[in-house]
Every structure is written in C-alpha cells, then in structure tokens.
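Residue numbers (our numbering): 22 to 193.
For each residue, glycine too, the CB sits at the ideal point set by N, CA and C.
Just so it is clear, the structure is predicted and the values come from calculations on it, not from any experiment.
Encoded as structure tokens, the structure appears first; notes follow it.
What follows is the structure in structure tokens.
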C-alpha cells in the first residue's frame, strides 16, 4: 500500500502496527479517495487489530503468492477474523508479489521445502470457497495489477454483494 500512496517501492519488509494512508484513484472520469489502513498481523496484536475494523467498506485480505503459509492464513485466520468482526462487509482476496512467482531463486527455495508458489487458480478457488467478492493479484514492485486491486475494491464497496437469507423454520 505504501507504493500506491507514496509511489515508492521498498525492498525491505517494514513491520507495521497500524499505518494509514489516503490515495485517490480514478475510475473512468470519477475520482475516489480511499482510506487505506494497514494493520499488524503479528499475534501480539490480535486483540488490538479488530478495533480498526468498524466502518470499513471493503477488506483486502492479502497473501504472498510465494508463501503457501500466508495463503493458508487467509483461510485459517484472516478471512474468519474479518467476517467475525464485520459480517457482510465485502472482501477481496489479493495475491501479492506476483513478479516473484516464476523467479528461479524463489522456486528453488520453495522446492527445498517441497512447496511451490500459489497458482492463480488456487486463489480464485479459495475466493469462491470463502465467499469473497473476487480474487485479484498484483505486484508492488512492477505495479502490475495494482490499479485493478483498488478499482475492484471501489466497485465492491459501492456495490456490496447481496447477502442471501437462509430459509428455514425457527422453533422456540
């Protein structure tokens, strides 16, 4: 998100506790200002992080396509957490670092652990299984797909999905 706001890509990982930015994105002729909130993922912040969730219009649940563990965390931790605290709020699953999916060094490192990068179709399948609005991918380094991530987030916020009501009988 820093690269969108500041037009700056950072090679080193900079851990965050809570950062926020504002960025204006054009969709057609219309400008939309997005408030972006980047929250800490560390377990130490599990009780603090949800305090930033109220009034959120759309969530971007991100994982690195070069980290199968982060992909699993979408299903096991992030998506359940978001929907527990903000049921009905649209959510996009975002695969990041797509520029590294075919990188020889990354492939070799993952192969040593008997793993491989997360393929695009696995992200789409997970989004369908979880009921996410959409699966999108991007690279902060090359900026590939980055505008599309925010365009899709705006569309999801402006046109939230219709929540299907369960039909049934309630006996008290």
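- Beyond the five residues adjoining it in sequence on each side, residue 82 comes within less than 8 Å, by CB distance, of 95, 99, 100, 103, 112, 113, 114, 115 and 153 in the same chain, given in chain order.
- The beta carbon of residue 171 sits closer than 8 Å to those of 25, 44, 46 and 55, all from its chain and outside the five residues before and after it, given in chain order.
- Note on the stretch 54-140: whole beta strand (DSSP E) runs with a minimum of 3 residues are 80-85 and 112-117, in chain order.
- Taken through DSSP and simplified to helix, strand or coil, residue 155 comes out as strand.
- In this chain, the alpha helix (DSSP H) harbouring residue 168 covers 167-179.
- Taken atom to atom, the span from the alpha-carbon of residue 48 to that of residue 175 is near 9 Å.
- Contact between residue 120 and residue 165 is confirmed by a C-beta separation of about 7 Å, below the 8 Å threshold.
- Residue 158 is classed as buried because its beta carbon has at least 16 other beta carbons within 10 Å across all chains shown.
- Counting only residues of its own chain and dropping the five nearest sequence neighbours on each side, residue 74 has a CB closer than 6 Å to the CB of 106 and 107.
- Apart from the 5 residues on each side of it in sequence, residue 79 sits with its Cβ closer than 6 Å to the Cβ of 111, 174, 177 and 178 in its chain, given in chain order.
- Apart from sequence neighbours up to five positions away, the residues of its chain that approach residue 163 with a beta-carbon distance below 6 Å are 120, ordered along the chain.
- Per the C-alpha coordinates, the member of 126, 71 and 122 positioned closest to residue 87 is 122.
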